[in-house]
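2 protein chains.
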Amino acid sequence: MANSQFSMAVHILTVLACGKDENVKSEYVARSVNTNPVVIRRVLGQLGQAGIVTSQTGAFGGTRLARAPEDISLCEIYKAVSCGEIFGLPRSPNRDCPIGANIEAVLCNLQKDIERTVGDKLRQYTLATILENVNLAKA
Amino acid sequence: MANSQFSMAVHILTVLACGKDENVKSEYVARSVNTNPVVIRRVLGQLGQAGIVTSQTGAFGGTRLARAPEDISLCEIYKAVSCGEIFGLPRSPNRDCPIGANIEAVLCNLQKDIERTVGDKLRQYTLATILENVNLAKA
DNA sequence: CATATCTGTAACAAGTATAGTTACAATCGT
DNA sequence: ACGATTGTAACTATACTTGTTACAGATATG
């Protein structure tokens, strides 16, 4: 299954942003994402550890944004739920072969370069950008 | 399993590049990558369809680069074996919810933007770049 | 033309990741 | 004390990647 946790995280945070400073229940978010509340809470757990949201247990509990949408970059969200690399490195190249012995390091550097590039791009967007676009599309 | 087809493709092509204009057998490549020849031939099939390599069946057959390493960009290789997106889109957002109805298009645009960015970055490298780096590391 | 050598590809097994689901302990307002 | 909600473990279903075996088709060589 293709990993859609980043998409889900953005969707979830957009719902929370619309909830302003009210606690939003995972069950409510689940209806917009069209999935099970536990799936929402799992992602919310990662976003909480990253300091992007804060949750309250108990009656009238729920989750809200820890900061204003303008201060939450998509890069931060991506890293919070980050699940795997853009491309995987070679598994077990033959180190007796001159190429096999060196290709891993070369690809690893390339991988870091790509991920830095993606990070820079994602940093250009914030949750506020997403909110604007969603509202634009609505109009 | 994390997808390492791009890494494998680059590794394979590096081996082919070292074979100059000789046909290289999948069994030989498999020893450098440390896997089964069929796995190599599978990737080689995709690279062949993309016009990056040419193969010959039969005795003394094998595969060679279709072009000079300087003329093969990593972007081309990435697209040839392209296996999935940087991040998956939402599966089935609730279209009765204003957010659910619009988030998919917004994320899809974002996804295209990211993939364009990655493509631009990969276009800065060619197979020749990789060859240089592998040889540098060897020295 | 017969043979040995390769590729191309189908079919299947094994390992692993994601998502969905159920269940329940812990927490907290009333 | 009670009801509402999160946090989290455990399990299932699905699907993707890799590795492996098997074999048909193509081709150079003697």
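Protein chains in written order, with my numbering: chain A, 1 to 139; chain B, 1001 to 1139. Ideal Cβ placement from N, Cα and C applies to all residues, glycine included. The structure displayed is predicted, hence computed values, not measured ones.
Does the beta carbon of residue i sit closer than 9 Å to a beta carbon anywhere in chain A?
| i | result |
| --- | --- |
| Val1134(B) | yes |
| Lys967(B) | Residue 967(B) lies beyond the stretch modelled for chain B, which goes from 1001 to 1139, so this question has no answer here. |
| Ser1092(B) | yes |
| Thr1035(B) | yes |
| Ser1007(B) | yes |
| Leu1044(B) | no |
| Leu1107(B) | yes |
| Gly1058(B) | no |
| Ile1072(B) | no |
| Lys1121(B) | yes |
| Val1015(B) | yes |
| Val1118(B) | yes |
| Ile1040(B) | no |
Under 9 Å between C-beta atoms, does residue i make it to chain B?
| i | result |
| --- | --- |
| Glu76(A) | no |
| Thr126(A) | no |
| Glu27(A) | no |
| Pro69(A) | no |
| Arg64(A) | no |
| Val10(A) | yes |
| Asn3(A) | yes |
| Ser32(A) | yes |
| Asn102(A) | yes |
| Ile52(A) | no |
| Asp113(A) | yes |
| Leu47(A) | no |
| Glu22(A) | no |
| Ile86(A) | yes |
| Ile99(A) | yes |
Residues in the same chain with beta-carbon distance under 7 Å from residue i, minus the five sequence neighbours each way, listed in chain order, please.
| i | result |
| --- | --- |
| Lys1121(B) | none |
| Val15(A) | Val24, Val29, Ser32 |
| Gly1019(B) | Arg1064 |
| Val134(A) | Thr14 |
| Pro1069(B) | Ala1017, Thr1126, Leu1127, Ala1128, Leu1131 |
| Met1008(B) | Val1033, Val1043 |
| Tyr78(A) | Phe6, Leu122 |
Give me, in chain order, the residues of the same chain whose beta-carbon lies closer than 8 Å to that of residue i; leave out the 5 immediate sequence neighbours on both sides.
| i | result |
| --- | --- |
| Gln49(A) | Ala80 |
| Gly1084(B) | Asn1003 |
| Glu22(A) | Gly62, Arg64 |
| Asn36(A) | Ala30 |
| Asn95(A) | This sequence places Arg at residue 95(A); Asn is not what is there. The answer, listed in chain order, is Ala101. |
| Glu115(A) | Glu85, Ile86 |
Buried or exposed, going by whether 16 or more other CB atoms sit within 10 Å of the CB of residue i?
| i | result |
| --- | --- |
| Gly1062(B) | buried |
| Asn109(A) | exposed |
| Ala1002(B) | exposed |
| Gln1005(B) | buried |
| Cys1097(B) | buried |
| Ala1141(B) | Outside the modelled stretch of chain B, which goes from 1001 to 1139, sits residue 1141(B), for which no answer is possible. |
| Glu1076(B) | buried |
| Val1118(B) | buried |
| Gly58(A) | exposed |
| Ser26(A) | buried |
Any idea which residues DSSP pairs residue i with across the strands?
| i | result |
| --- | --- |
| Thr1126(B) | Ser1073(B) |
Short of 6 Å in beta carbon distance, which residues of its chain neighbour residue i, apart from the five on each side in sequence? Order them along the chain.
| i | result |
| --- | --- |
| Leu140(A) | Since the first and last residues shown for chain A are 1 and 139, residue 140(A) lies out of range. |
| His11(A) | Val33 |
key: Segments of 3+ residues assigned as beta strand (DSSP E) that fall wholly inside the segment 14 to 96 of chain A   = 53 to 56, 62 to 65
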